[in-house]
Amino acid sequence: MTKPNRSLPSTEQLRFEKIPVVVFNEALEASLEIAHAIATAIKDKQSKNEQCVLGLATGSSPIKVYAELVRLHQEEGLSFKNVVSFNLDEYFPMHPEALQSYVFFMQQHLFDHVDMQKENIHIPDGSIDLEDVSAYCKRYEQQIEQLGGLDIQILGIGRTGHIGFNEPGSGIDGKTRMVTLDHLTKKDAASDFFGEEHVPRKAITMGVGTIMKAKKIFLMAWGESKAPIINKTVEGALSDQVPATYLQSHPNTVFYIDEAAAAKLTRYETPWVVGDCEWTRELIKKAVIHLSLKTEKPILKLTENDYIEHSLAELIHLKGPAYNINIDVFNQMQHTITGWPGGKPNADDSKRPERANPAKKRIIVFSPHPDDDVISMGGTVIRLCDQGHDVHIAYQTSGNIAVFDEDVIDYAEFVCAYHDAFSMEQNKSEMMFNQILTQLKSKAPGQIDSPEVRQIKGMIRRVEARSACRYIGIQDSNIHHLDLPFYETGLIKKKPIGPEDIGIVRKLIEDVKPHIVYAAGDLSDPHGTHRVCLDAIFKALKEVKEHDWAKDCWLWLYRGAWQEWGLDEIEKAVPLSPGELLKKRRAIFKHQSQKDRPLFPGIDSREFWQRAEQRNKFTAQQYDKLGLAEYEAMEAFKRFEF
Ligand code: F6R
3 MTKPNRSLPS TEQLRFEKIP VVVFNEALEA SLEIAHAIAT AIKDKQSKNE QCVLGLATGS
63 SPIKVYAELV RLHQEEGLSF KNVVSFNLDE YFPMHPEALQ SYVFFMQQHL FDHVDMQKEN
123 IHIPDGSIDL EDVSAYCKRY EQQIEQLGGL DIQILGIGRT GHIGFNEPGS GIDGKTRMVT
183 LDHLTKKDAA SDFFGEEHVP RKAITMGVGT IMKAKKIFLM AWGESKAPII NKTVEGALSD
243 QVPATYLQSH PNTVFYIDEA AAAKLTRYET PWVVGDCEWT RELIKKAVIH LSLKTEKPIL
303 KLTENDYIEH SLAELIHLKG PAYNINIDVF NQMQHTITGW PGGKPNADDS KRPERANPAK
363 KRIIVFSPHP DDDVISMGGT VIRLCDQGHD VHIAYQTSGN IAVFDEDVID YAEFVCAYHD
423 AFSMEQNKSE MMFNQILTQL KSKAPGQIDS PEVRQIKGMI RRVEARSACR YIGIQDSNIH
483 HLDLPFYETG LIKKKPIGPE DIGIVRKLIE DVKPHIVYAA GDLSDPHGTH RVCLDAIFKA
543 LKEVKEHDWA KDCWLWLYRG AWQEWGLDEI EKAVPLSPGE LLKKRRAIFK HQSQKDRPLF
603 PGIDSREFWQ RAEQRNKFTA QQYDKLGLAE YEAMEAFKRF EF
């Protein structure tokens, strides 16, 4: 049976959810539906000779909606001549031609590709004088009203619960106005501006009141980073501290979200609280782990009463007694633990996560950026090398965008000093150094580096990665720098992956013919690079999967630098001793350009080694709490069938 592409709440689930939510398998499917609803509204208005008034959003959420609208225009003749649009917001101050402006965003994703009339496009102007802002906002509001209000408003949601830039504290009847951005919103925007310090402090935004007058509202949210705020907005109390909760009182709002964003809704997180469940092995494991952590009791000490008092009476009734359920889940967890991540030679492997044979395996560890390998699975790589496997590391991208200009200056200076010290011919390098210095001194934040500077930045990351590899025991000939072309835009926004990227990954896989592939299954990195890199691996593996050697190849996903698998998802947990953890930390230190303060820290401002250690220790502590052995730290993996 194929899985339905969407899930609607049952009547019981609606007890918890105060806004209609449709959950889709994929953001793309949801985006297509929204685009088609917009297209229908446009055509409907056309047939009546009326204008269609759209409220538009920017950010990562609506990109696929715009792409589909552009396709409908180009391939199916959908005309936008009768569309009048009002964008939600714009940074202030902001020049319309700046790369970060919402004017630029809208042109790039929609307006440059459809037949909208210029005079029908409205985006708050971030370049007006401060004293004109208030009158300007009033006019913006009046223009919407004069057209009879917004027919459809599309929205994303910020982690603060903002809609538009209506941050916590905004009132339900607020109008278009100037606002100050929340610090979390500035953090989220930091990578677009190459540093939080360059993000404007203010913005002009439509008010919640303006949005609430829209006749129909679609709110979109994709990815696990949105899961907590979606839960608060949909199930929490209406509150000015989460402005999106105001939508609970809008008569025609629907949330279109993907499964990752839905993960913290009660119907997904603890479905047994909502009603009867289909008790699969996975769900039983999830429920028991949840119960054990909630009651703070090891799995083997859980009693019938614990189950009954925590909405799990049905489970006991169908699969009990508690003793049997406990033993089964305990054993499942026990069997995830292995100190032999490449398989234990000459051992019975029927209850182990990895095969015993062949004893020495060919392994490729794919690392999207040049440091994800050590950050996410450094301890496991150390073990794989120590246990004699043939381990290859493949850096998928150059990572050049994440190097500070100061580091380039230091290295260029080193080259000059080197030539000087050894009385070598130095004219060329000195000239280059001076050129680079002038370029970097006059560079505005976010401006694209010259190809030479990008090359130097890439080289810096290569040198660091090789040093880390050497430290953990990888031979030079097993280090592969793939420099996938999709990444090389010099901008945060990358090109989509193409056949060339997939071909490069495929070639390496064909050359090595691995028994094991490790890849980053981290779906929440701030720029989507991990997602794209994983996609390239999936596609390459699919292309080779008919070969005999590929049939024996297992794919394990580590989670990446930002998140860890849930305990119930882990299928292989590799314990690390205090010594191994220290060695892993030192390997991460080799990535000097990312230390102290990485250029793109994401939403967590700690250093990468701190995050990695905290995460690995936390996993070990959780295993301990479930009543399993107590380790210093653990790295976790999930197997993926391709
Ligand atoms: C953008 C806007 C914001 C975003 C929100 C989510 O015009 O008003 O409210 O919708 O910050 O941003 P993304 O979609 O990038 O996660």
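Residue numbers (this note's numbering): 3 to 644. Glycine is no exception: its CB is placed at the ideal position from the N, C-alpha and C atoms. All of these numbers come straight from a predicted model, not from anything done at the bench.
Between the options, which has its C-alpha nearest residue i's C-alpha?
{"i": "residue 494", "options": "51, 101 and 354", "result": "101"}
{"i": "residue 156", "options": "59, 84 and 198", "result": "59"}
{"i": "residue 142", "options": "266, 124 and 191", "result": "124"}
{"i": "residue 188", "options": "180, 201, 178 and 177", "result": "201"}
{"i": "residue 149", "options": "115, 375 and 122", "result": "122"}
{"i": "residue 356", "options": "386, 167, 237 and 162", "result": "386"}
{"i": "residue 211", "options": "166, 512 and 260", "result": "166"}
{"i": "residue 393", "options": "311, 516 and 136", "result": "516"}
{"i": "residue 606", "options": "564, 213 and 120", "result": "564"}
{"i": "residue 569", "options": "209, 580 and 626", "result": "626"}
{"i": "residue 48", "options": "69, 84 and 71", "result": "84"}
{"i": "residue 353", "options": "368, 336 and 361", "result": "336"}
{"i": "residue 2", "options": "320, 257 and 253", "result": "Summary: the structure shown does not reach residue 2, with the chain confined to residues 3 through 644, and so no result is reported for it."}
{"i": "residue 491", "options": "482, 513 and 460", "result": "460"}
{"i": "residue 458", "options": "405, 271, 176 and 194", "result": "405"}
{"i": "residue 611", "options": "629, 624, 364 and 586", "result": "586"}
{"i": "residue 512", "options": "531, 562 and 364", "result": "364"}
{"i": "residue 170", "options": "199, 195 and 209", "result": "209"}
{"i": "residue 473", "options": "349, 78 and 388", "result": "388"}
{"i": "residue 629", "options": "213, 104 and 291", "result": "291"}
I need the DSSP call for residue i, collapsed to helix, strand or coil.
{"i": "residue 84", "result": "coil"}
{"i": "residue 637", "result": "strand"}
{"i": "residue 598", "result": "coil"}
{"i": "residue 333", "result": "helix"}
{"i": "residue 433", "result": "helix"}
{"i": "residue 155", "result": "strand"}
{"i": "residue 561", "result": "coil"}
{"i": "residue 697", "result": "Summary: the structure shown does not reach residue 697, with the chain confined to residues 3 through 644, and so no result is reported for it."}
{"i": "residue 223", "result": "strand"}
{"i": "residue 228", "result": "helix"}
{"i": "residue 307", "result": "helix"}
{"i": "residue 218", "result": "strand"}
{"i": "residue 256", "result": "strand"}
{"i": "residue 242", "result": "coil"}
{"i": "residue 572", "result": "coil"}
{"i": "residue 357", "result": "coil"}
{"i": "residue 444", "result": "coil"}
{"i": "residue 116", "result": "coil"}
{"i": "residue 644", "result": "coil"}
{"i": "residue 373", "result": "coil"}
{"i": "residue 273", "result": "helix"}
{"i": "residue 94", "result": "strand"}
{"i": "residue 71", "result": "helix"}
{"i": "residue 364", "result": "strand"}
{"i": "residue 122", "result": "helix"}
{"i": "residue 249", "result": "helix"}
{"i": "residue 551", "result": "helix"}
Pop quiz: residue i and residue j are said to be a contact at Cβ under 8 Å. What is the actual Cβ separation, rounded to whole angstroms?
{"i": "residue 463", "j": "residue 400", "result": "6 Å"}
{"i": "residue 521", "j": "residue 539", "result": "5 Å"}
{"i": "residue 636", "j": "residue 589", "result": "Wrong, their Cβ atoms sit about 17 Å apart, outside the cutoff."}
{"i": "residue 115", "j": "residue 75", "result": "7 Å"}
{"i": "residue 151", "j": "residue 24", "result": "Not a contact, Cβ separation roughly 24 Å."}
{"i": "residue 263", "j": "residue 92", "result": "Not really, about 25 Å apart at Cβ, beyond 8 Å."}
{"i": "residue 161", "j": "residue 190", "result": "6 Å"}
Could one say the Cβ of residue i lies closer than 8 Å to chain B's Cβ atoms, at least one of them?
{"i": "residue 50", "result": "No chain B is present in this structure, which holds just one protein chain."}
Checklist entry - Is the number of C-beta pairs between the segment 342-361 and the segment 379-386 that are closer than 8 Å three or more? => result Yes, the segment 342-361 touches the segment 379-386.
Item to check | Length-filtered (4 minimum) alpha helix (DSSP H) runs lying within the segment 608-632 | outcome: DSSP runs (the alpha helix (DSSP H)) wholly in the segment 608-632: 610-627.
Checklist entry - Would the segment 215-226 and the segment 29-44 be scored as touching if the rule is three or more Cβ pairs under 8 Å? => result As far as the Cβ criterion goes, the segment 215-226 touches the segment 29-44, which means the pair count is three or higher.
Next on the checklist: Quick check on the DSSP output: what are the complete beta strand (DSSP E) runs of length 3 or more inside the segment 477-534, in order along the chain?
Outcome noted: For the segment 477-534, whole beta strand (DSSP E) runs of length 3 or above, ordered along the chain, are 481-483 and 518-522.
Checklist entry - If you pair each beta-carbon of the segment 177-187 with each one of the segment 221-241, do three or more pairs fall below 8 Å? => result As far as the Cβ criterion goes, the segment 177-187 does not touch the segment 221-241, which means the pair count is below three.
Checklist entry - Counting Cβ pairs, one atom from each stretch, are 3 or more of them under 8 Å apart for the segment 15-22 and the segment 261-272? => result With a cut-off of 8 Å, the segment 261-272 and the segment 15-22 count as touching, because enough Cβ pairs lie within range.
Next on the checklist: With three or more beta-carbon pairs closer than 8 Å as the criterion, would you say the segment 616-624 touches the segment 590-601?
Outcome noted: Under the three-pair Cβ rule at 8 Å, the segment 616-624 does not count as touching the segment 590-601.
Checklist entry - Is there contact between the segment 327-335 and the segment 294-303, where contact requires at least three CB pairs shorter than 8 Å? => result Output reads yes: the segment 294-303 touches the segment 327-335.
Item to check | Segments assigned alpha helix (DSSP H), at least 4 residues, entirely inside the segment 3-60 | outcome: Runs of alpha helix (DSSP H) with 4 or more residues, each lying fully within the segment 3-60, are found at 29-49, listed in chain order.
Checklist entry - With a cut-off of 8 Å, do at least 3 Cβ pairs link the segment 397-414 to the segment 466-486? => result In short, these stretches touch, since the Cβ pair count reaches three.
Next on the checklist: So within the segment 164-211, which uninterrupted alpha helix (DSSP H) runs reach at least 4 residues, ignoring any that extend past its ends?
Outcome noted: When DSSP assignments are scanned along the segment 164-211, the uninterrupted stretches of alpha helix (DSSP H) that are 4 or more residues long and fall wholly within it turn out to be 185-191.
Next on the checklist: Restricting to runs no shorter than 3 residues, where is the beta strand (DSSP E) found entirely within the segment 376-406?
Outcome noted: The segment 376-406 contains these whole beta strand (DSSP E) runs: 392-397.
Checklist entry - Between the segment 569-584 and the segment 628-644, do three or more beta carbon pairs fall short of 8 Å? => result Cβ pair count under 8 Å is three or more, so yes.
Next on the checklist: Does the contact criterion of 3 or more C-beta pairs under 8 Å hold for the segment 429-437 versus the segment 408-417?
Outcome noted: These segments touch.
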